[in-house]
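Numbering (our numbering), first residue to last: 524 to 912.
Some notes on the structure that comes next.
Below, the structure is given as structure tokens:
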């Protein structure tokens, strides 16, 4: 008797599909023949909303794209706006940005590791990884007042200087984080069940990954040595020493190893930045763009009016267009902004890594068992907030 081809729904539900992702799957028994991802359940219209908000008011919208890497989203957007404005950022602000961008990379990878391991059945790693993530959330709260959708970067620098206890808290965390990474590896790297579920699973060649447009750890896991921080540097990354890991077998296990090494390299970058953290201003000398000091706002009518006008009317941005791509935790996050010279973006387009990387899911899963699809979704590390932006 001929095998019957079944078409089933997987999702949308949060477990396994990592959010509101629905996949239409054609199966021959338990073997995957075809996958059609169905997205749009979380659509927010961020790009259209930005046309009706000033550049400053648009900033909080970017936190909610990849909500596990809010400061990376802020950084990409702010760098694009600063490129249009042509303003330079003070050294202290640049250094704090690097620290927070790499802590954000760490916390994003920690959530990936926790959920990826849980999907495959390893619960202990989930508990440990969220324990470490909690420390980063506390640092977020310390500097911005918000634990998750933190909003700290501003055009020209930072919203305010970091508090005195910031440096010690980050140093203390950096002192213990490499040991925690050793613990994760001890639990997973040579675990026979983990290796069985990940080695040879979700294979995608370097050529196919490049053709699809995959970026980030998913691309480097296929052996492509490309990282925007090193190859098209921004925010001063060219002055930092770090390694870019790559895989050899182009599978889920390689992408796991790449991300673990990236977490170790993020710790090294943070430590280098801490050594450079010197006193100084955290906002550029650009009064037409940057808010005045709080002392001025509270104690002078001129400062109050200055603050009010930027908050209510925004600041005009020179006419032109710009694209700014950064190495977000999940891959290349790009902002394309068109300015008509007003205080609001004429057009904004976001190039989110999760959206592009999701296109690889069929090629990575075709011919695999349906149980392996859960591992493939996990290894892509998608967040639906930036897919359904």
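Glycine included, C-beta positions come from ideal geometry on N, C-alpha and C.
As the structure is a prediction and not an experimental result, all values here were calculated from the model.
Since residue i is in the alpha helix (DSSP H), which residue starts that stretch and which ends it?
i	result
residue 802	Taken as a continuous stretch (DSSP letters only), residue 802 belongs to no alpha helix (DSSP H), as it is neither H nor E.
residue 617	614–643
residue 749	No alpha helix (DSSP H) contains residue 749, which DSSP labels as neither H nor E.
residue 719	715–721
residue 603	593–608
residue 652	646–667
residue 756	Element bounds for residue 756: n/a, residue is neither H nor E.
residue 743	740–743
residue 734	729–735
residue 908	907–910
residue 569	569–572
Decide if residue i is buried, meaning its Cβ has at least 16 other Cβ atoms within 10 Å, or exposed.
i	result
residue 530	exposed
residue 738	buried
residue 713	exposed
residue 577	buried
residue 571	exposed
residue 788	buried
residue 532	exposed
Any idea what DSSP makes of residue i, helix, strand or coil?
i	result
residue 677	strand
residue 702	helix
residue 902	helix
residue 823	coil
residue 877	helix
residue 768	coil
residue 577	coil
residue 688	coil
residue 842	coil
residue 588	coil
residue 866	coil
residue 709	helix
Could you name the residues of the same chain whose beta carbon sits closer than 6 Å to that of residue i, not counting the 5 residues immediately before and after it, in chain order?
i	result
residue 569	584, 912
residue 524	Because residue 524 sits at a pLDDT of 44, beneath the cut-off of 50, its placement in the model cannot be relied upon, and the point is left open.
residue 564	535, 543
residue 896	888
residue 860	603, 845, 868, 871
residue 656	630, 633
Let me check one thing: in DSSP terms, what residues is residue i bridge-paired to?
i	result
residue 489	As displayed, the chain neither begins before 524 nor continues past 912, which places residue 489 out of reach and without an answer.
residue 858	847, 873
residue 892	554
residue 536	542
Identify the continuous beta strand (DSSP E) that holds residue i and give its terminal residues.
i	result
residue 561	554–561
So, at 7 Å on beta carbons, what are the nonlocal neighbours of residue i in its own chain, with the 5 sequence-adjacent residues on each side left out?
i	result
residue 819	826
residue 618	796, 799, 800
residue 731	886
Cβ-heavy atom distance between residue i and the ligand ZN below 8 Å?
i	result
residue 633	No copy of the ligand ZN appears in this structure; indeed no ligand is present at all.
Could you name the residues of the same chain whose beta carbon sits closer than 8 Å to that of residue i, not counting the 5 residues immediately before and after it, in chain order?
i	result
residue 864	839, 840, 841, 842
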